[in-house]
Amino acid sequence: MRGTWGALVVTAGAVVATARGLDAMAQSQVAPGQVAQGKSEFAARCAGCHGGALEGGSHAPPLVGSGFMAEWAGKKARLVYSRIISTMPQDNPGTLTESQALSITLFVFSVNGIDVGDQPVSRANDLNGLVITRPARTP
Amino acid sequence: MTCKHALVAAVAAAACHSVVVAAPAPAAAPNDAQWSYFGGSKRFDRYSALSQIDRSTVSRLHTLWTRPGLDASLTDQFPDLVPSNYMRGTPIMIGGVLYAPDAVGLVEAFDALTGKTLWVQKPFEPTLKEAAGQSTRGVDFWQQGAEQRIVAVRGEYLYLLDAKTGAPIAAFGDRGRVSLNRHTPDGAAYFGFNGPMVVGDVIIVGGNGGGKAGGGYGDGGPEIAARPEDVRAFDVRTGRQLWQFNIIPRAGQPGHETWGKGSADVVGNMAAWAPLSADEQLGYVYVPLSAPTNSYYGGHRPGDNLYANCLVVLNARTGKLVWYFQMVHHDLWDYDNASAPTLGDITVGGKRIKAVMQPNKNGFLFVFDRVTGKPVWPIVEKPVPQGILPGEATSPTQPFPTKPPAFDQQGVTAEDLMDFTPALHQQALKFMEHYVSGPLFTPPSLDDDPATGKKGSLDAPSAWGSGNWNTGAFDPETGIYYAVSMTLPGVYGLRKPTGPGAQIAYEFPEERDAAAEPEPVYGPGPQGLPLLKPPYGRVTALDLNEGEKLWTVANGDGPRNHPLLKNLNLPPLGSIGRPVPLVTKTLLFLGESSDALFGGAGVGGPAHFTAYDKTNGSVVWQTTLPAGTTGGPITYQVHGRQIIVVPVGGKDYGNAWIAFGLEE
């Protein structure tokens, strides 16, 4: 956690996003089509700043790992979608469609092991009832 | 509802294009004072002569109001509008009204006494697509007779708005806006956060970069081709482009020859991304320029590379170059002129000089006669360490001001390493052995050198700088320049690009192991500790009548409560960040920046906001803001009351402008 000693720190129990892990999560049973689409949208529109493995860059925070989860755990899933569609990409906000922003959101969730339940997620409104929870520890 | 045929009357126009909530405040009282540009004035000195809030009264400051960074009218209309917490918008205050870009870069006007909404710029179309956006640093104000206008840059557009209603001025460009897009080889849209500058009837615009490399900041990457973000000027009434200054000279223009191998015609990713300043009497605009493509390797661009890393001074009416100075030749460190060039008058050797003060990320403050460009004190070309990477052509010398002294740590040697305890000092020494290190301007090297086993060059300052857009405030009463900076070394370790289509021999690898801990706050160092001696966030007072350093104080706690340091009961060590100073009659105000800033440069959660005695840096008063600062504190006086407003933002807080004042 940046700069605040004594603040709650997420430990190494969080899911580690190795390259193999990214592919494994992209095979998720839930919304596999959107996650796969999100993976390619992310590579085309987001990776230039946020990194190919979502690890961040000089002008963009990581979208995976303890910092990301510390910011978003407990918050509504819809907020991530809203933040993306209203501010991203940083050099040209407002250029993502609902479908693009949604698929990118689901891809980011899948990389972080965030469970989106077993109902279909095909519109942004389908995220409304969901709260971001930390993934269970992997064995 | 189409507004093409709207009446010119303010009310009708307002109904179409903005939300007008309340009438502006009553007429100003005597001794009221404005904040006429977001840097204080177009001199960008971040100074106010106000004294109602001073040593004796500052402890009575309390919060007057907190205004969210996005007006409720926008969040009501667009529930998906969730802005970034990095709210850059520093307001201006003119005629009892505050004008600022909000958290998505739409301009909001609010009452300077109460913070209540007066109007909100509507998105150009009533769609989320047009509402979406990023905050910018500030707007400008133009007036002629009864006409009052707000000039703003948002996304790819330059806007002209009616200052009374927020309605776009139909005669300006296309229905009130001009597209700033230009053709770039990679199809990048224009964007720029640094705010427009109006001089006379001319709007001058910089920008963030000339292409997509480095996320639009041009800070690295293996592509050569980009288009520099040339400085452009537009007519304030019609939006017609008046001139363009080529920041990389074209063939036949002076300076073209400073780019070898034909690189001037290919490279870009250069811009004036820091705020501008202007001397309205002279009619000059002062333009700070950044590093060239890519910022860390220059084998493809041998030569000094004008006008990269220069301060260029232009005639605002014609765009003609008046004078320039290059702070870094053939930059390999991303040592941009990242700060506004502050203007002020000083007395040196009994002679009054109209000066300009330009800090660079490298820790030097360059001071010139702003009319002629003559350095106030000699700037000497000194030999510097030479290139290590194949094909590189390092500049044999770099400019070193003889005065004033550098405002932050330069270079990394054993003597510079932290020594909180002998054991920690030993750890720092061992850490340093993994890298090439040396004085300022030690060039980048391989990030994994098979011959030496070194992991790159350990430099101070790093590419984030010591100085950055936040750095300067100048007190015209005393001639003191306050440099706010951070001590954050970095590793310049390059490798051959591995991706397809790479055109530059070496690049700065951006990838990190995603499983690793987040980037260490204090830069490379043992056990997450800072490598160098404190302070890590500081204010340095430079007397520019004498060219001497007066004092340096730490700003913020820094790592004093780190588990390995806690028991040492250390004083404030200074927080990493980019907070903005405000200097007044007696006090210097400075917060701690938020970790919502790029690179996590700041504190998460509540942050200190401090009033220092401007003569000696002692703490006079301190309060806690709910989040760190994201823009500059400003001050003004309305109805006889001095008020301070500061933009803040944070991951758990959101964003807001917070106003402080004394009791009535």
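So the protein lines, in turn, are chains A and B.
Here this note's numbering is used: the first sequence runs in plain steps of one and ends on residue 1420.
Here this note's numbering is used: the second sequence runs in plain steps of one and ends on residue 666.
Glycine is no exception: its CB is placed at the ideal position from the N, C-alpha and C atoms.
Bear in mind that the values here come from a model prediction, so they are computed numbers and not experimental data.
With a beta-carbon spacing of about 46 Å, Gly481(B) and Leu448(B) fall beyond the 8 Å limit used to define contacts. In the three-state scheme derived from DSSP, where H, G and I count as helix and E and B as strand, Thr349(B) is classed as strand. Spanning the alpha carbons of Leu1360(A) and Thr344(B) requires a straight line of approximately 40 Å. Shown here for Ala173(B): same chain residues with a beta carbon closer than 8 Å to its own, the five before and five after excluded, namely Arg239, Thr240 in chain order. By the C-beta density criterion, Asp1372(A) is buried, having at least 16 other C-beta atoms within 10 angstroms. Along the region 410-438 of chain B, the alpha helix (DSSP H) occurs as fully enclosed runs of 4 or more residues at 424-434, listed in sequence order. Within the region 244-318 of chain B, the complete beta strand (DSSP E) runs of at least 3 residues fall at 279-281, 286-290, 312-317. Residue range 656-663 is occupied by the beta strand (DSSP E) that includes Gly663(B). The beta-carbon of Asp1396(A) is placed no less than 7 Å from the nearest beta-carbon of chain B. Spatial neighbours of Leu567(B) in its own chain (CB-CB distance under 7 Å, excluding positions within 5 residues in sequence) are listed in chain order as Phe422, Pro561. In summary, Thr1378(A) is exposed, with fewer than 16 beta-carbon neighbours lying within 10 Å of its beta-carbon over all protein chains present.
For Ile482(B), the uninterrupted beta strand (DSSP E) run begins and ends at 482-488, by DSSP. Not a single C-beta of chain A is nearer than 7 Å to the C-beta of Phe422(B). Chain-ordered, the chain A residues with CB closer than 8 Å to the CB of Glu132(B) read Gly1375. Not a single C-beta of chain A is nearer than 7 Å to the C-beta of Ser137(B). According to the DSSP assignment, Leu599(B) belongs to no beta strand (DSSP E), since it is labelled neither H nor E. Contact with chain B is absent for Ser1384(A), since none of that chain's Cβ atoms lies less than 7 Å from the residue's Cβ. By the CB criterion at 7 Å, Lys616(B) and Leu590(B) fall inside the cutoff.
Counted as a single uninterrupted DSSP element, the stretch harbouring Val1402(A) is not any alpha helix (DSSP H), since DSSP gives it neither H nor E.
In this model, Arg234(B) and Pro573(B) are separated by some 48 Å (Cα to Cα). Here DSSP, grouped into helix, strand and coil, assigns Trp144(B) to strand. With respect to the 7 Å criterion, Val648(B) and Ala658(B) are not classified as neighbours on the basis of their beta carbons. Spatial neighbours of Gln1381(A) in its own chain (CB-CB distance under 7 Å, excluding positions within 5 residues in sequence) are listed in chain order as Glu1322.
Closer than 7 Å to the CB of Val84(B) there is at least one CB belonging to chain A.
Excluding sequence positions up to five before and after Asp47(B), its CB lies within less than 6 Å of the CB of Thr344, Gly346, Phe476, all in the same chain and listed in chain order. Leu1360(A) belongs to the set of residues whose beta carbon lies under 7 Å from a beta carbon in chain B.
Bridge partners of Pro170(B) according to DSSP: Leu163(B). Residue environment analysis places Ser459(B) among the buried positions, since at least 16 neighbouring C-beta atoms fall within 10 angstroms of its C-beta. In the structure shown, Trp1353(A) adopts helical secondary structure according to DSSP, grouped into three states.
Of all residues in the region 160-191 of chain B, the ones placed with a Cβ closer than 8 Å to any Cβ belonging to chain A are Ala190, Ala191, in chain order. Counting the other Cβ atoms within 10 Å of the Cβ of Glu417(B) gives fewer than 16, which makes it exposed. By the C-beta criterion, the region 275-285 of chain B is judged not to be in contact with the region 252-259 of chain B, since fewer than 3 inter-stretch pairs fall below 8 Å.
Three or more beta-carbon pairs separated by less than 8 Å are not found between the region 182-190 of chain B and the region 130-143 of chain B, which leaves the two stretches without contact. Under the 7 Å criterion on CB atoms, Asp1407(A) is classed as non-interfacial with respect to chain B.
In this structure, His302(B) sits away from Ser397(B), with a CB-CB distance that is not shorter than 7 Å. Just measuring C-alpha positions, the residue of Asp232(B), Gly97(B), Thr626(B) sitting nearest Ser595(B) is Thr626(B).
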